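The next block holds one structure in the form of structure tokens; read it before the comments.
2 protein chains.
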Amino acid sequence: MAIIVQKYGGTSVGDAERIRRVAARVVETYQTGNQVAVIVSAMGGETDGLVALARELGGAEPLAREYDVLLSTGEQKTIALLAMAIDQLGVPARSFTGIQAGIRTDGDHQRARILEIDSGRIQGVLDAGIVAVIAGFQGHDDDGNITTLGRGGSDTTAVAVAAAIGADVCEIYTDVDGIFTTDPRVVPNARKLERISYDEMIELASLGARVLQTRSARFAMRYKVPLHVRSSFHSETGTWVVSEEEVMERLVVSGVTYNRDEAKIRVPGVKDHPGVAARVFTPLSEAGIVVDMIIQNVSHDGTTDLTFSVAREGYERAMAIAQSAADEIGAAPVEGDTDIAKVSIVGLGMKDHAGVAAKMFQVLADEGINIQLISTSEIKVSVVIAERYTELAVRALHAAFVDDGAAEPTPEV
Amino acid sequence: MAIIVQKYGGTSVGDAERIRRVAARVVETYQTGNQVAVIVSAMGGETDGLVALARELGGAEPLAREYDVLLSTGEQKTIALLAMAIDQLGVPARSFTGIQAGIRTDGDHQRARILEIDSGRIQGVLDAGIVAVIAGFQGHDDDGNITTLGRGGSDTTAVAVAAAIGADVCEIYTDVDGIFTTDPRVVPNARKLERISYDEMIELASLGARVLQTRSARFAMRYKVPLHVRSSFHSETGTWVVSEEEVMERLVVSGVTYNRDEAKIRVPGVKDHPGVAARVFTPLSEAGIVVDMIIQNVSHDGTTDLTFSVAREGYERAMAIAQSAADEIGAAPVEGDTDIAKVSIVGLGMKDHAGVAAKMFQVLADEGINIQLISTSEIKVSVVIAERYTELAVRALHAAFVDDGAAEPTPEV
């Protein structure tokens with residue numbers, strides 16, 4: 010007998026018919042002799058409706074505490090309905106809100122962090138042969154206030170519950186077949202990965218792959234919860250996300266990702282002496298703007314250029330802050346560019362292979378693509394390029410690094 | 010400074026605009042220097058949508074526990090939205106679900122009874138100058154399960170909270186102006202009562218007046234919570250429901266009510282010896298069917314007729330049970346009649362006036378209305394008549410007992 014955690018997102022429980030299908034899948038898993046805990050999101054569209062009501066009655070910044078009280082009703086609806094549907098198939102089920110599931114978080118509304126799960130009640134229900142149906146995305150703080158976890162929160166709930174009850178696997182059901190070597194809409198021969206390490210998953214998620222959020226992948230790594238990302242439409246194996254030693258095939262590059270949601274800001278004519286960079290980046294950080302990549306040119310005539318990238322969402326604010334910093338330090342007017350994309354390659358095997366970055370730059374050069382910014386880690390290389398080259402770059406990198414027989418540099422060199 | 014509890018039903022919070030209006034009213038009460046706790050229902054229509062989903066996924070009898078988890082999301086939405094709207098008007102507000110408000114009930118889902126309110130958190134919030142916005146209709150049992158109180162549950166929550174925090178008044182906002190001497194749709198010169206006793210309110214509610222449920226009126230009486238039933242559309246005084254000694258004007262008849270939701274069953278040819286009635290009524294009671302009025306004719310040739318009334322809802326089941334009991338005791342085939350109505354007069358002053366029932370019978374006789382069943386208590390007389398005479402009977406009784414100058418019997422005698 011295994012302990013299995015299953016997580017179904019908003020699309021999978023979008024209407025009564027889909028909830029019935031999820032129920033059938035849960036029952037199938039249960040009837041093959043497993044203990045099953047299910048984590049669900051709000052029905053697709055439900056959250057949007059609640060957010061609209063909150064804006065209408067709560068203005069631009071509705072009370073954070075009440076926003077969570079409101080939003081948490083979404084998953085509460087789903088757990089009750091799914092428990093009913095499972096019961097209709099003859100299998101006992103019981104629902105748990107965040108509070109009932111003992112999901113203790115900090116008090117940071119809308120982006121609360123799980124501190125601990127008091128899983129006694131869930132465990133008791135599972136031991137009694139009952140399916141536990143748990144609301145994702147929500148918890149409670151020490152004062153009994155309802156909190157929500159923010160984006161991708163249901164994945165985090167699933168991983169945290171899996172860790173707390175010592176599950177054998179945490180299955181993340183989604184509308185794709187698993188984790189792919191790249192976006193199949195861009196590269197038709199992208200292939201599904203059998204296994205991938207937590208580290209790679211975290212990089213892929215943070216670099217633009219949308220299947221799983223970085224935070225839940227980190228959580229899974231920390232608690233060594235094996236994840237199985239798979240399709241809710243059929244029962245074929247998806248992609249297992251496991252620890253490094255369980256990954257058989259250490260690919261040099263397991264994935265090519267892209268992200269169009271960034272923008273680039275350049276501060277030219279910055280006097281090249283200590284403390285200048287801090288005067289630009291400190292006010293940005295104080296404003297809550299996360300700077301992704303930074304380069305500083307070689308000094309020329311005692312001045313240099315500072316270039317960095319930020320999320321496109323905060324671009325206008327970042328420009329204003331950078332401009333006022335530039336004025337203060339006597340730099341030239343700042344220049345912004347939103348027509349950029351970040352393209353990255355990720356792979357555990359990079360650790361053992363030298364020259365991966367160099368090969369990447371060559372592949373892009375061969376396509377006539379100019380590289381604007383570069384950032385690397387032990388298992389990834391990211392570059393910022395002009396947005397219009399995104400697909401071209403992804404296809405070229407996938408052909409060069411991932412496709413079978415593509416271990417050699419492309420012949421056009 | 011007074012402590013004021015206000016309760017708004019589903020119609021009053023039916024959409025964003027109405028929630029804003031309720032918020033304005035709450036803020037007005039708060040700003041005149043009062044502590045305010047508000048109890049709200051689900052937005053009008055919300056509950057119907059949830060019930061439909063439950064039927065779709067949970068079948069004819071959805072899991073009782075999960076049904077409550079589902080339905081309780083309705084009020085949870087309203088409390089969050091109302092708290093936001095109050096905040097937008099510059100007054101601090103905090104929402105409470107049933108669990109957060111400490112509303113402890115028994116575990117009888119869908120018709121739970123409030124056992125106790127641990128009002129410490131509500132009290133703390135009120136003392137801090139914050140408006141408490143509390144979900145009506147819901148509570149939690151000792152195992153932390155969500156429970157709902159059943160019909161009229163939000164009124165009960167309001168009265169219970171008022172009792173727990175020692176409120177000076179519990180205001181029940183509704184779409185009518187108060188409690189009327191009878192249904193104004195039937196008798197245009199029905200008048201609004203200034204004050205009425207708990208006992209009268211309980212009788213009126215149980216006999217068909219729809220403004221307040223019997224259960225909340227009983228609760229108010231037990232804990233001596235003054236109720237003020239008033240309109241949510243204007244700020245004029247409605248009807249105060251208070252203890253008997255606070256009612257100045259002891260009317261012989263303060264209200265005339267009618268109820269078309271009953272049916273009559275007659276078991277003829279019952280042998281007149283001890284224990285026979287029990288063999289009819291025990292199986293009915295075991296089936297959860299509440300019998301309202303019972304008459305047994307004078308015995309004739311050793312047999313008698315048993316006639317009783319039940320809610321029309323359970324009529325078919327009651328007929329089947331009565332028939333099988335009749336077969337067992339060798340009675341004749343049972344006869345049913347759903348075309349009946351119960352018409353009642355209620356008034357504290359009856360205690361001091363003899364002949365009220367006799368006068369009622371005479372008034373009905375004068376209109377040619379035959380009386381089928383009779384039941385009386387210290388402060389009410391009810392009769393069952395053919396349904397088609399309902400309005401005629403109500404008008405005649407209102408004219409004879411309630412209208413000014415109608416203290417004398419009608420002249421047509």
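Top to bottom, those sequences are chains A and B. Quick note: the first sequence uses this note's numbering, first residue 10, plus one each step. Quick note: the second sequence uses this note's numbering, first residue 10, plus one each step. All residues carry an ideal CB built from backbone N, CA and C; glycine is no exception. Treat the numbers as computed from the prediction; the structure is a model and nothing was measured.
Annotated as proximal: Arg275/A and Val343/A, with beta-carbon spacing under 8 Å. Shown here, Gln40/B sits in a helix according to DSSP, grouped into three states. Around Gln109/A, the beta-carbon contacts reaching into chain B at under 7 Å are Gly153. Of Leu236/B, Glu271/B, Met328/B, the smallest CA-CA separation from Asp301/B is found for Glu271/B.
At a Cβ-Cβ threshold of 8 Å, Val168/A and Ile126/A do not count as neighbours.
By the rule that beta-carbons nearer than 8 Å mark a contact, Gln381/B does not touch chain A. When Cβ-Cβ separations below 8 Å define contact, Gln97/A makes contact with chain B.
For the set Gly148/B, Trp249/B, Ala327/B, the Cα lying nearest the Cα of Val319/B is the one of Ala327/B.
Linking Gly162/A to Gly145/A through their CA atoms gives a straight-line distance of about 7 Å. By the neighbour-count definition (other C-beta atoms within 10 Å, threshold 16), Glu75/B is a buried residue.
Residue contact with chain B for Arg227/A: absent (no Cβ-Cβ distance below 8 Å to any residue of chain B). Note that the region 44–55 of chain B touches the region 122–140 of chain B; at least 3 beta-carbon pairs, one per stretch, sit closer than 8 Å. With a beta-carbon spacing of about 6 Å, Gly111/B and Arg130/B fall inside the 8 Å limit used to define contacts.
Chain A places no beta carbon closer than 8 Å to that of Val196/B, leaving this residue out of the contacts. Of the other Cβ atoms in all chains shown, 16 or more fall within 10 Å of the Cβ of Glu84/A; this residue is therefore buried.
Annotation for Val365/A: Val261, Met359, Val390 place their beta carbon closer than 7 Å to its own, counting only its chain and skipping 5 residues before and after.
The residue from Phe228/A, Asp151/A, Arg194/A, Ser240/A with its alpha-carbon nearest to that of Thr183/A is Ser240/A.
Of all residues in the region 75–92 of chain A, those with a C-beta nearer than 9 Å to a C-beta of chain B are Glu75, Tyr76, Asp77, Val78, Leu79, Leu80, Ser81, Thr82, Gly83, Gln85, Lys86, Ile88, Ala89, Leu90, Leu91, Ala92, reading in chain order. The distance from the Cβ of His149/A to that of Arg113/A is about 7 Å, consistent with a contact at the 8 Å cut-off. As for any beta strand (DSSP E) of minimum length 3 sitting wholly inside the region 269–341 of chain B, the runs are 271–280, 300–305, 312–320, ordered along the chain. Under DSSP, Leu382/A forms a beta bridge with Val393/A. Residues of the region 30–49 of chain A with a C-beta atom less than 7 Å from some C-beta of chain B do not occur. With fewer than 16 other Cβ atoms inside 10 Å of its own Cβ, Lys233/B counts as exposed. The beta-carbon separation of Leu80/A and Val22/A, rounded to 16 Å, does not stay under the 8 Å limit for a contact. Of all residues in the region 108–137 of chain A, the ones placed with a Cβ closer than 9 Å to any Cβ belonging to chain B are Ile108, Gln109, Arg130, in chain order. For Tyr207/B, the uninterrupted alpha helix (DSSP H) segment begins and ends at 207–215. For Gln85/A, the enclosing alpha helix (DSSP H) starts and ends at 73–97.
Partner residues in the beta bridge of Glu125/B, as assigned by DSSP, are Arg113/B. Within the region 327–346 of chain B, no residue has its Cβ closer than 7 Å to any Cβ of chain A. Around Arg259/B, the same chain offers Leu357, Gly358 as residues with beta carbons nearer than 6 Å, after the five sequence neighbours per side are excluded.
Arg64/B and Leu158/B have their C-alpha atoms spaced approximately 19 Å apart. Ala32/B is not a Cβ neighbour of Leu124/B, given a cutoff of 8 Å. Contact between the region 397–407 of chain A and the region 183–198 of chain A is present: 3 or more CB-CB pairs across the two stretches fall below 8 Å. With a minimum length of 3 residues, the unbroken runs of beta strand (DSSP E) contained wholly in the region 147–211 of chain A fall at 147–149, 155–157, 178–183, 204–206.
The three-state reading of DSSP puts Leu236/A in strand, counting E and B together.
When DSSP reads this structure, Thr266/B sits in a beta bridge with Ser353/B.
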